[in-house]
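This report concerns only the one structure given below.
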Amino acid sequence: MITLETIAATGVFQVAWLMIALPALVAGLLLVSGKFFDRGGHWLAVAASSASFVLAFWMFIEMLGADPEHRAVSLPLFDWIQTGSWTVSAGLQIDQLSILFAMLITGVGSLIHLYSVGYMAHDDRRRRFFAYLNLFVAAMLLLVLANDYLVLFVGWEGVGLASYLLIGFWQHKPSAAAAAKKAFVMNRVGDLGLSMAVMSMLALIGSSSFEAVNAAASKLSPGWATAIGLFLLLGAVGKSAQVPLQGWLLDAMEGPTPVSALIHAATMVTAGVYLVVRSHEIFQMSEVASTAVVIVGAVTLLFGAWIGTSKDDIKKVLAGSTMSQIGYMMLAAGIGPAGYAFAIFHLLTHGFFKANMFLGAGSVMHAMNDDVDMRHYGALAKVMRVTFLTFAMGYLAIIGFPFFAGYFSKDHIIEAAFGHSAWAGVAALLGAGITAFYMTRLMLMTFFGEKRWREGVHPHESPKTMTIPLIILGFFSIIGGALMNFWIQEWLEPATGGHPHELTLVPTLVGWLTMAVVAAGVAISWFVFGAKPVPDAAPASGNFFTVMGRNDLFGDTVNDVLVVQPTMLAARGVVVADHKVLDGGFGGLATAFAGISTQVRKLQNGQVRTYALTMAIGVVAVGVVMILSQLG
Amino acid sequence: MSPDYYLILAAILFTLGTVGVMVRRNALVAFMSIELMLNAANLAMVAFSLARGGLDGQVATFFVMVVAAAEVVIGLSIIIVIYRTRRSTSMDAASLLKL
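Shown next, in the form of structure tokens:
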């Protein structure tokens, strides 16, 4: 196995920090500048994001030109924390894995910035929106370029903050504000896992840098390796909306659609996969932890797909689909060295086609006066030519139509899953069929059939700033897979320690099986939703699968019963204890003193002779004591 | 000389004064009882002074007499004021100084 060895930064790599600094600077500038940048600030944000992309692409070209052993670069920046025996130095690690992420974040990010120029054109708070987007890009780049888990954690929290701000961007809607809070709170649970993993590393290894942790991973005791692995998995599960912390992602669709495309589809939610792949040395030490990753992935890929089949809100279908596809990536990441490259491969192709489809959905909503109910769509294929065609590219990519992007990446994962165990393989195969089913349903309900438009809706194609990103992303949805298929395993090998397997364009048995399942999914979907008219309102249904799917598989109910209610009960208990026990105790003490004082006060009765008697008794008492003490 | 008899007399006078203060309601009688207690103390001090052959007890007696004279002036004025307002010198009746 080739291990990752980094070389010192030279040339363009010495200014790699500019990639993070530029968007961060522009974000700060836009936030403090007041009305000065209201008019043109968004172009500044687009420029910052694009400049980061140019830098990332430049570095990528430099790395392509170098020998495989001399590609990974480390750039120490400064000593961040020095306390006791610990020194945490902040620095960047630009290796084969992180540069791919950097290009995805800045590339897709720049396109979405451009799209937002059109999408948010009529929003009063556009400047603030772009500031948050740039903040997100900076934080996400810090997350993937960090060379230390603690620095990564800063980026991790930064993207969480940006996600919170952007989900709740339309804060005048109570549902958006609540969704933002929900995302924030559920992410805290995951962050607890990550911070516990970092603390364990600092305690056991004495450092949290990737280099030190990777080197020491094989010396960890099995128990600790499992514990750190599970802590990391908890962090990944929270950030990537995997079961059991999946609940926030569907609500996160309250945010503006470009946000859903960038943060909640293409980049941030895949940070969990990045974390697992980055920590592969630890997961390889623990069978339990890596199997847990596979189980989480397999469960989530079915869970998300199931939700996708029953929702009428176009963004929620896509959100369920995102959960499901990230489940595939998790599954691949849990399989081990055979799967790491495929997890990243699928992550990249998914970044293209899912961002494409989310932006397409935004374009449709833009045309339909922000209506998200697919039952009010229909027959949009002719009206919105560009949106339809680009969306169709995304659709073909996600269901795995031969030679589109998802065909390569997803089939590899399904094959690797069968290589791991039968149940993982069957789950992945079944997921592919369900994916074909719900995506066909979405296509049929949105672009085909008869018009079910509400009154006063006049669909039209979106402006150029919105269609150009769609076309570019549509293009990558077609070729993204073929472009990287034969290359990515070898490229990632130093960073992830993969072992390439033979890839051919001729499908294997599993490949044929997958295609058959996908075809069946499409056919069933056409039979249900294409052959007869779609009802204008969601029909009442007693079907177990539909009821479960419409209610997000009762995930919120489970959270409510398991967490929310017990917490409320505990809070009420504490209030009662506070009132009765603490307040009662101190209140009683005070009342007792007041009562005693009332009694004592009665000694002062105004009778001079009583005072004289009291004094005489006192004098006698003092005299007796003095005499007794003299005798003693 | 032995001060025993003087001291016994002083003790008897002091006890009479104390009992007088506590059992009599008339402010003037109580006042006289207090004077009795002061003079009992004076008698004791003069007796000790003689027994020890020093003058300090007698000096203290003069102080007590001077202070007692001043106190009589103030005390009698208070009693007269009380008598004028209440038409009585009963100490039990003048018990307003309480909560």
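Keeping their order, the protein sequence lines are chains G and V. With the working numbering as the guide, the letters of the first sequence map in order to residues 1 to 632. With the working numbering as the guide, the letters of the second sequence map in order to residues 1001 to 1099. Idealized CB from N, CA, C, for every residue including glycine.
- In the three-state DSSP reduction, G/P507 falls in the coil class, being neither helix nor strand.
- G/T291: member of the alpha helix (DSSP H) spanning E287 to S310, first to last residue.
- For G/Q607, the neighbours in chain V by C-beta distance under 8 Å run, in chain order, M1091, D1092 and S1095.
- DSSP places G/S89 in the uninterrupted beta strand (DSSP E) bounded by W86 to I94.
- Here DSSP, grouped into helix, strand and coil, assigns G/V457 to coil.
- Beta-bridge partners assigned by DSSP to G/F78: G/A90.
- Using a Cβ-Cβ cut-off of 7 Å, G/A612 is close to V1021 and M1022 of chain V, given in chain order.
- The stretch 303-390 of chain G is shown to contain no whole beta strand (DSSP E) run of 3 or more residues.
- Note on G/M140: 16 or more other CB atoms within 10 angstroms of its CB, so buried under the neighbour-count rule.
- Proximity to G/G206 across G/K35, G/L150, G/V386 and G/W170 peaks at G/L150, based on C-alpha coordinates.
- By the Cβ test, the stretch 222-239 of chain G is in contact with the stretch 281-295 of chain G, since at least three Cβ pairs between them sit closer than 8 Å.
- For G/G40, no alpha helix (DSSP H) encloses it, and the DSSP letter there is neither H nor E.
- Residue G/S260 holds the alpha-carbon nearest to the alpha-carbon of G/S163 among G/A379, G/S260 and G/A215.
- Excluding residues up to 5 positions away in sequence, G193, V276, A289, A292, V293 and V296 lie with their Cβ nearer than 8 Å to the Cβ of G/L233 in the same chain.
- Under the Cβ distance rule, G/A177 does not count among the residues neighbouring chain V, no pair being separated by less than 8 Å.
- A straight-line Cα-Cα distance of about 60 Å links G/F586 and G/H113.
- Under a criterion of Cβ atoms nearer than 9 Å, the residues of chain V adjacent to G/A616 are, in order, T1018, V1021 and M1022.
- In the three-state reduction of the DSSP assignment, V/I1034 falls in the helix class, which pools H, G and I.
- In this structure, the straight-line span from the alpha carbon of G/V12 to that of G/R71 is close to 13 Å.
- In terms of Cα proximity to G/G530, the closest of G/A48, G/A252 and G/Y438 is G/Y438.
- The C-alpha of G/V386 lies about 10 Å from the C-alpha of G/A392.
- Only exposed fits G/H460, as fewer than 16 other CB atoms lie within 10 angstroms of its CB.
- Listed as beta-bridge partners of G/S209 by DSSP are G/D148.
- If you check the CB distance, G/L142 and G/I20 come in under 8 Å.
- Segment contact: the stretch 558-572 of chain G against the stretch 472-479 of chain G, fewer than three CB-CB distances shorter than 8 Å; contact not assigned.
- Beta-bridge partners of V/S1090 (DSSP): V/N1026.
- The residue from G/V15, G/A265 and G/A131 with its alpha-carbon nearest to that of G/L348 is G/A265.
- Cβ atoms of G/M59 and G/A24 stay farther apart than 8 Å, at about 18 Å.
- Listed in chain order, the alpha helix (DSSP H) runs fully inside the stretch 119-172 of chain G are 126-145 and 149-167, counting runs of at least 4 residues.
- Note: G/T83 is bridge-paired with G/W86 in the DSSP secondary-structure output.
- Take the alpha-carbon of G/D312 and the one of G/A577: they are about 46 Å apart.
- One alpha carbon belongs to G/A519, the other to G/A47, and they sit about 43 Å apart.
- Taking every protein chain shown into account, the CB of G/G588 has fewer than 16 other CB atoms within 10 angstroms, so this residue is exposed.
- G/G351 is positioned such that its CB atom lies closer than 8 Å to that of G/V108.
- Here G/A252 carries a helix assignment [DSSP, helix/strand/coil].
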